[in-house]
Amino acid sequence: MLIVGERINTSRKAVNEAVEKRDAAYIRDDIQKQANAGANYIDVNAGSRIGSEMEDLSWLIEVAEAAVEVPLSLDSPDPKVLMALVGRVKKKPLINSTTAEKDRFEAMKPVFQAREADVVALCMDERGIPSAVDQALENAHFLVKNLNQLGVPVQRIHLDPMIQPVSVNNKNGLLALETIRRIHREFPGVKTVCGLSNVSYGLPKRFLVNRIFMVLAIGAGLSGAIVDPLDQKMMTNILVADTLAGRDDYCMKYLKANRAGKLIE
9 MLIVGERINT SRKAVNEAVE KRDAAYIRDD IQKQANAGAN YIDVNAGSRI GSEMEDLSWL
69 IEVAEAAVEV PLSLDSPDPK VLMALVGRVK KKPLINSTTA EKDRFEAMKP VFQAREADVV
129 ALCMDERGIP SAVDQALENA HFLVKNLNQL GVPVQRIHLD PMIQPVSVNN KNGLLALETI
189 RRIHREFPGV KTVCGLSNVS YGLPKRFLVN RIFMVLAIGA GLSGAIVDPL DQKMMTNILV
249 ADTLAGRDDY CMKYLKANRA GKLIE
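Under this note's numbering, the first residue of the sequence shown is numbered 9, with each subsequent residue one higher.
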């Protein structure tokens, strides 16, 4: 399971204050903890800082790359910001993200062509978040076809099925799970990734919903998730589910985690 550590986001009060004060020690400590907890990418997002996003994200990249060897997920809603910064990172990044919206995808083309990178592609278009599996798959077809034409192979594409809250519609969890299954069936080699916490929006004790849904999603084939790697119970669920899904040869990762005291009951 690919883990994208989600904590360095200026929508979080503590991170926003650290960015405002240029508190590199705070950011560095958090990033190192995420890396030590098993993050494969560190997501850096300054999108909430309207007017200074470019400067702030550039600073976060500098601090992050000095702190860890883990590659970065460059997370911005602004193609111009991504275009300006994608060439500055040392290791091949994860670009987060594009959609099947024609104008958005067109604006992102120069970013994909600027350097080799993995890409998070959201299965939504001008109609909004899909309300049916077939609609999500239609968007997936557009994304895979057009990214391939730009030289991005399926192995570097991470499709996001766009999970919606079960508090709004109790079938939304099933919709997401079936979308994940269909993506892997119809696009061999393509990866799937999601921001898991959307599923529990509006519910009490959201962490319970998130952790159980993660297990179900891994069973459906989910390749990666944007999560808080410092949530030890979530990371335990991921490790156990990966093992049960046949992704852990000889249970070696499970056994190693147990010896290290990382399995939380």
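By construction, the Cβ of each residue, glycine as well, lies at the ideal position given by its N, Cα and C atoms.
Classification of residue i by the beta-carbon crowding that lies within 10 angstroms, buried from 16 upward
i, result
"M132", "buried"
"V174", "buried"
"D64", "buried"
"F120", "buried"
"V176", "exposed"
"D111", "exposed"
"F215", "exposed"
"A33", "exposed"
"L182", "exposed"
"S208", "buried"
"A54", "buried"
"A22", "exposed"
"G203", "buried"
"E28", "exposed"
Beta strand (DSSP E) segment containing residue i, residue limits
i, result
"K199", "K199 to G203"
"A233", "G232 to V235"
"G181", "Taken as a continuous stretch (DSSP letters only), G181 belongs to no beta strand (DSSP E), being part of the alpha helix (DSSP H) at N180 to E194."
"R15", "L10 to N17"
"D256", "Counting along the chain, D256 falls outside any beta strand (DSSP E), and DSSP gives it neither H nor E."
"N177", "Unbroken run through N177: none, as it is neither H nor E."
"V52", "Y49 to N53"
"D168", "I165 to D168"
"F80", "One detail in the question is off: residue 80 reads as Leu in this sequence, not Phe. L80 to D83 is the extent of the beta strand (DSSP E) around L80."
Assumed close pair residue i, residue j - CB separation to whole angstroms, cut-off 8 Å
i, j, result
"I171", "N218", "No, I171 and N218 are not in contact; Cβ-Cβ is about 10 Å, not under 8 Å."
"V78", "A125", "Not quite, the Cβ-Cβ distance comes to about 15 Å (not below 8 Å), so this is no contact."
"L167", "V198", "6 Å"
"R123", "V94", "6 Å"
"A45", "M242", "With 8 Å as the limit, A45 and M242 do not qualify as a contact, their Cβ atoms being about 10 Å apart."
"I35", "I50", "Incorrect: roughly 10 Å between the Cβ atoms, too far for contact."
N- and C-terminal bounds of the alpha helix (DSSP H) containing residue i
i, result
"R135", "No alpha helix (DSSP H) holds R135; DSSP gives it neither H nor E."
"R123", "Run containing R123: none; DSSP gives neither H nor E here."
"Y34", "A32 to N44"
"S66", "E61 to A75"
"N154", "V141 to Q157"
"L93", "P87 to L93"
"N206", "Element bounds for N206: n/a, residue is neither H nor E."
"L224", "R214 to A228"
"V27", "K21 to K29"
Straight-line gap, residue i to residue j (C-alpha atoms, nearest Å)
i, j, result
"P169", "A26", "32 Å"
"V201", "E109", "19 Å"
"A253", "C259", "11 Å"
"P87", "P118", "9 Å"
"V141", "A129", "16 Å"
"S66", "L158", "26 Å"
"A92", "S105", "15 Å"
"D250", "N48", "15 Å"
"P196", "E146", "16 Å"
"V160", "V52", "22 Å"
"E61", "V89", "8 Å"
"S19", "I272", "28 Å"
"E114", "I11", "28 Å"
"I137", "R190", "17 Å"
"D257", "I58", "46 Å"
"K270", "E134", "43 Å"
"T148", "P101", "Sequence check: residue 148 is Ala here, not Thr. Whole-angstrom Cα-Cα distance: 21 Å."
"N178", "I165", "29 Å"
"R30", "S56", "16 Å"
"S139", "E194", "19 Å"
"R255", "G227", "11 Å"
"L3", "D236", "With the chain covering 9 to 273 only, the question about residue 3 has no answer from this structure."
"N156", "I103", "15 Å"
"K99", "L82", "12 Å"
"Q240", "G13", "13 Å"
"G210", "F150", "32 Å"
The segment 257-266 touching the segment 212-228, judged by at least three CB pairs closer than 8 Å: no
Given 8 Å, three or more beta-carbon pairs between the segment 175-195 and the segment 232-245: no
Meets three-Cβ-pair contact criterion under 8 Å: the segment 34-48 and the segment 59-73: yes
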